[in-house]
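The sequence shown runs 40 to 295 under my numbering. The C-beta atom is built at its ideal place from N, Cα and C for all residues, glycine as well. These notes concern the structure reproduced below.
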Amino acid sequence: MQSTAISIADRVEARRAKRCNRSKISQRKYRANQKASNTQLVEDVRELEMNNLRLEARLSVLHERQGVSQCIASIKEYLQLFEHGYNPRGGDVGHTNRQEAFVHKFVTPNVDYNGKIGVDYLLDQWATYYALFESFRIEWTTIQVLTVDEHAIVLETTVFMHVLVTDTSVCALFPRLAQHRADLADKLVGTKLTVPLRALFTHDAHTHQVTRVQATASVAVALVKHLNSVEEASEALLGALLDDNLLLELQHQHTP
C-alpha cells in the first residue's frame with residue numbers, strides 16, 4: 040500500500056513538474072514572440088515616419104512650385120497692413136493709400152467676399168469695422184494649407200479680432216439690447232471683446248490673386264466668455280447684427 044501511494048505521488052509530482060516545465064517553455068516563447076513583435080512594431084513606426092517625411096518633402100517641393108509660400112506671404116502682409124483697421128476718412132493718408140494699393144493687387148476685381156462681389160465691398164467692410172469700435176486690432180495666429188490643385192490654392196487663417204465696445208457699437212450691433220436690456224448693454228460698453236475668426240482665402244493657382252474670401256466669426260463664443268453666461272449671451276444675440284457673417288448687414292449703416 041505504501042509503495043502504491045508513493046508511486047501515485049511520484050506520478051502526480053511528475054505531471055506537475057511536466058506542466059510547470061511546459062508553462063515555462065510557453066512563457067519563454069511568449070516573451071520571445073512579444074519581443075519580436077515589439078521590435079517589428081518599432082521598425083514599422085520608424086518606416087512610417089520616414090515615409091511621412093519623404094511625402095512632406097515632396098509636398099513642400101510641389102507647394103513651392105505652385106507658389107504656396109508666395110500666397111502665405113501675401114496673406115501675412117494683408118493682415119499686417121490692416122492690423123489696426125482701415126480708416127479712409129482720416130488718419131494716415133499714406134498708410135490708407137498703401138492699404139488700397141495692396142488690396143487691388145492682392146485680390147481680383149470681382150473678388151467674392153462672403154457672397155458679395157468686388158474690392159469696394161471688401162474695403163467697405165474694413166471701414167465699417169473701424170468705425171464701429173473705439174479701438175480695433177487684428178491678430179493672426181495660424182495660416183494652413185487646405186487644398187492645392189491646378190486651379191486654386193486654398194489657405195485657412197485663424198485670427199482674433201480685439202475690439203473696444205462703445206455705446207455706438209452696442210446701438211449699431213445690438214439694437215434690441217440698447218432698447219430693452221440696458222443692463223446687458225452696460226456689461227458690454229467699455230469692454231474689450233475678443234472675437235475668434237476663421238477665414239478661407241482661395242487663390243488663383245496661376246496669378247496667385249485671391250478670388251474668394253470666406254470669413255466667419257465666433258461671436259457667441261466671444262460673448263459667452265465675456266459675459267460668463269450662456270443665457271445672457273443668447274439674450275444679447277437676439278436681433279443682433281454682429282453675427283457669424285462678420286457684420287455683413289452693416290455696410291450701409293452710418294456710424295456717428
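- Ranked by Cα distance from His143, the options Glu86, Gln248, Glu274, Thr255 are led by Gln248.
- Counted as a single uninterrupted DSSP element, the stretch harbouring Asn126 is not any alpha helix (DSSP H), since DSSP gives it neither H nor E.
- In the DSSP annotation of this structure, the continuous segment of the beta strand (DSSP E) that includes His201 starts and ends at 191-203.
- Residue pairing by DSSP places Trp165 in no beta bridge whatsoever.
- DSSP, reduced to helix, strand and coil, places Arg237 within a strand of the structure shown.
- Where Glu178 is concerned, there is no enclosing alpha helix (DSSP H), although the beta strand (DSSP E) around it starts and stops at 174-187.
- Per DSSP, Thr135 is not a residue of any beta strand (DSSP E); the alpha helix (DSSP H) it occupies stretches across 132-145.
- Contact between the segment 257-269 and the segment 167-176 is absent: fewer than three C-beta pairs spanning the two stretches fall below 8 Å.
- In the three-state DSSP reduction, Ala256 falls in the strand class (E or B).
- When secondary structure is reduced to three states using DSSP, His265 falls in the helix class.
- For Phe240, the closest of Val209, Gln79, Asp151, Arg58 by C-alpha to C-alpha distance is Asp151.
- Here DSSP, grouped into helix, strand and coil, assigns His245 to coil.
- In the DSSP annotation of this structure, Arg220 is not part of any alpha helix (DSSP H), being labelled neither H nor E.
- Comparing alpha-carbon positions, the option among Gln109, Arg220, Thr205 lying closest to Ala244 turns out to be Gln109.
- Taking a contact as a CB-CB distance under 8 Å, the pair Ala279 and Leu212 counts as one, their CB atoms being some 6 Å apart.
- In this structure, the beta-carbon distance from Met200 to Leu236 falls below 7 Å.
- Following the DSSP letters along the chain, one finds Leu277 in no alpha helix (DSSP H), marked with neither H nor E.
- Per the coordinates, the alpha-carbon of Ala238 lies some 7 Å from the alpha-carbon of Thr197.
- For Thr207, the enclosing alpha helix (DSSP H) begins and ends at 206-212.
- Taking C-beta atoms as the reference points, Leu216 and Ala275 count as a pair closer than 7 Å.
- As DSSP reads the structure, Ile156 sits in a beta bridge with Asp151.
- Beta-bridge annotation (DSSP): Leu120 is not paired with any residue.
- Annotated three-state conformation of Thr230 is coil, per DSSP.
- Within the same chain, no Cβ atom closer than 6 Å to the Cβ of Gln164 is found once the five residues on either side in sequence are excluded.
- For the pair Leu262 and Ser208, the CB atoms are not nearer than the 7 Å cut-off.
- In this model, Gly124 and Gln183 are separated by some 23 Å (Cα to Cα).
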